[in-house]
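Reviewing the structure listed below.
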Amino acid sequence: MKKTVAGTIKITNRSAFFIRDADGALPLKLSYHDQLRYRFMDGDRLTASLRTDRRGRLRVLPVKIISRALSTIGGVISTEGNDLIFIPFAFPAIERFRIEGQESENLNDGDAVIARIIHYPSYDQPGYVAVDKILGKFHDPLVDDRLIIHRYQLPRRFPRGSRKLAKELAVPVCKSELKKRTDFRRKQFITIDGDTARDFDDAVAVDQLNDGGFRLYVSIADVSHYVKPGSILDQEASRRGTSIYFPNRCIPMLPPELSNGICSLKPGQDRLTITAVMEFDDAGRRVKEYFCPSVINSKARWTYAMAAGILEGVIDAKSLPARYRNTVGGLRLMKKLCRLLKKQRRKRGSIDFDLPEADILFDVQGNIEEIRPALHTIAHQLIEEFMLAANETVATHLTWLESPLLYRIHPQPEVKKIAQLLETLKCFSLSLKGWRSVHPRAFQELLHQAAHLPVAPVVNKMLLQIMQKACYSPVNCGHFGLALKHYTHFTSPIRRYPDLMVQRLLKGHLWPENHKEGHIPLDKLVSIGDELSSRERLAVEAERTSLMVKKLFYLEKHADEMFSGIISGISEAGLFITLEQILADGLLPFRNLDDYYVVRDDRLHAVGEQSGKTYTIGDRLQVCLAAVDPVKCRLDLCLPEGKRSKSGKKTFTGRKTGRLYRWRKMR
């Protein structure tokens, strides 16, 4: 096989991949030699020759760069000898640029800057940049976020017209509008969010029914009342697609006058909402639902920590202010309903991944104080269950009405990838029952098997990696992970544009005079879904980069400490380690070990040629920091005996050699 195709370069932390334009097939990894030769950058377009080698593997050979993605680039100034050089931020494939005309620039080591690319680097020629703007010191609070915004071409400011319109709309709710809506202002609605949250999309309330069942009210901010299709607010919201959350800042989809103001369901203030009312029997099965435009007045703004404290008996309700005490009864009802809904979800086979996240705590100046695993409490669970129930109910209702809408779909994993996972599971004495039928219940049972094993974090990660990405599409194939036939996003219109679209559609059926606002032809929905899925992926990538940079800043201050880690992967380069407390991923290169290590074909084991020492995925190790590089978003590790001395030389207790460390595969 040999053919020439066009495609786009995608850079990961340590590798470059070629993605075909035409069919969107799986990315093909570029050789390290080609990365060095062409110095690819994220988003570059090129033509490439696809060939099949003797072992039947598809290879990509670059032919010609069609266009470069960037004309400007963010980075950090660094000292190299007597010269200043430019290190590109979050571009691991390119090490450095030389600076043109640096004598005239007021540049210093550690400055974060935006630069114009004068000459792209090649295999034998360095690249050159001219500095346009100095952002500040890279390690100063929020400066790294400005580099991330430039790196991912994220929006910074709202157009003047949109801010002006938002301010005009941010006025108290008029009485004439209230008369059109169901009045739930006496209902004991509450919001439950994070400590620093300001955009409250959703409020919830629960009633106990006489037959032992429950009535759940999920009221969602009526953003569609303020953001009309085609308006300047709508155009900007659709362009952004989603709010983006960094550890210490937010890039909102809507101007703050709406997102943190008139649309936010703040306590004690009348707010326009769309309410989904769902009734469940005493086993947690939904038996009835209806929807209505409404007005609510939230009675209390709970944080997850406060709500969990009450529900887990850590906080005495009597110690709380009256506005909280009055809603404690409803909060406890919510806990009962949450358990029933969770039981029903597990019964149908929904997959619950156990993937810990990190909480980063900042001081008042914005410096990192602490990083710790985030708590996932009963308060988080009940909001998750209620939002899942509302999203599914809306999707089912709109499907029954035969309305074209953007579903949130999650295609089932490919059988080939499942088969590969099976081989890995055998090494852990785990099995996947009935895997050929590809039902989510089998994966749920697998996670249950692994839950109390040391390899549980690795199994969760491997399972997630074989899953396809969830996305937005008008063509419904169901949501595999949730084991649902119909699912959409409805509950977060302040921060997700698909939710705003679904809200308009639902509202059009509730108020016929608004019907045209939400209706979009099917063929147009396809392209809209693709674009919004792309914006979501970009946002997730930017958020991950911000989180990683913050973790690396923290680790720089703890360079002499030892950390507990778990081997999460093995490659030709070395062992991938996840630090358990910080939840940062790093590489323990084989060159930092005191033996030649052989990587087996299953990539689950690496064996030392001389010592016979074996490293296996899931093993726990004590590691030290060998190199922490926030600019490149890279973390290299070593074993305690391989820790660099103060002179900068590695001090191995084992065998030393002047030869290059090498690896090779074996069966």
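When we follow this note's numbering, the leftmost residue of the sequence shown carries the number 14, and every step to the right adds one.
C-beta: ideal position from N, C-alpha, C; glycine also.
Contact annotation: I287 and D235 have beta-carbon atoms nearer than 9 angstroms. The continuous stretches of beta strand (DSSP E) do not include E113, and DSSP gives it neither H nor E. Excluding its 5 nearest sequence neighbours in each direction, G87 has C-beta neighbours in its own chain below 6 angstroms: F102, I127, L160, H163, R164, listed in chain order.
Boundaries of the beta strand (DSSP E) harbouring Y485: 484-486, taken from the DSSP string. Put simply, of G297, E292, L285, G281 the residue whose alpha carbon is nearest the alpha carbon of D220 is E292.
The alpha-carbon separation between N273 and L545 amounts to approximately 23 angstroms. The beta-carbon separation of P75 and L97, rounded to 31 angstroms, does not stay under the 8 angstroms limit for a contact. Following the DSSP letters along the chain, one finds P511 inside the alpha helix (DSSP H) bounded by residues 510-523. DSSP places H152 outside both helix and strand once states are collapsed to three, so it counts as coil.
Distance from the CA atom of K192 to the CA atom of V468, rounded to whole angstroms, is 58 angstroms. The beta carbon of A250 sits closer than 8 angstroms to those of V240, M266, L267, Y510, L513, all from its chain and outside the five residues before and after it, given in chain order. Taking the C-beta atoms as reference points, D57 is found nearer than 9 angstroms to R81. Remark: fewer than three beta-carbon pairs, one from each stretch, lie closer than 8 angstroms, so the segment 121-135 and the segment 573-593 are not flagged as touching. The alpha carbon of L83 has as its nearest neighbour, out of F53, G322, P426, V89, the alpha carbon of F53. Bounds of any alpha helix (DSSP H) do not take in L638; it lies within the beta strand (DSSP E) bounded by 633-642. DSSP places N310 in the uninterrupted beta strand (DSSP E) bounded by 299-310. Rounded to whole angstroms, the separation of the alpha carbons of E526 and P417 is 18 angstroms. Comparing C-alpha distances from R194 to each of P643, R68, V308 shows the shortest one belongs to V308. When secondary structure is reduced to three states using DSSP, L388 falls in the coil class, being assigned neither helix nor strand.
In this structure the segment 428-439 does not lie against the segment 321-334, because fewer than three pairs of beta carbons, one per stretch, are closer than 8 angstroms. Excluding five sequence positions before and after H571, the CB atoms of its chain that fall closer than 8 angstroms to its own CB belong to L638, given in chain order.
Distances from the CA of R298 to each of R508, M347, L354 were compared; the closest alpha carbon is that of L354. Rounded to the nearest angstrom, the gap between the Cα atoms of E181 and K279 is 19 angstroms. Taking the Cα of I233 as reference, the smallest distance to any Cα among E270, D158, I275, I381 is reached at I275.
With a threshold of 16 other beta carbon atoms within 10 Å, T17 falls short and is exposed.
Taken in chain order, the unbroken stretches of beta strand (DSSP E) that lie wholly in the segment 372-447 and span 3 residues or more are 381-386, 420-422.
Q481 carries a coil assignment under DSSP once its states are collapsed to helix, strand and coil.
I579 is bridged by DSSP to T591, R633.
Taking 8 angstroms as the upper bound for CB-CB distance, L601 and V636 are in contact here, some 6 angstroms apart.
Taking every protein chain shown into account, the CB of V377 has fewer than 16 other CB atoms within 10 angstroms, so this residue is exposed. With 16 or more other Cβ atoms from the protein chains shown falling within 10 Å of its own Cβ, H238 counts as buried. In the three-state DSSP reduction, G326 falls in the coil class, being neither helix nor strand. Remark: C-beta atoms of I579 and P653 do not approach each other more closely than 9 angstroms.
Between L368 and I533, the alpha-carbon positions lie close to 37 angstroms from each other. At a Cβ-Cβ threshold of 9 angstroms, M480 and H423 count as neighbours. Contact holds between the segment 483-498 and the segment 537-552, because three or more Cβ pairs, one in each stretch, are under 8 angstroms apart.
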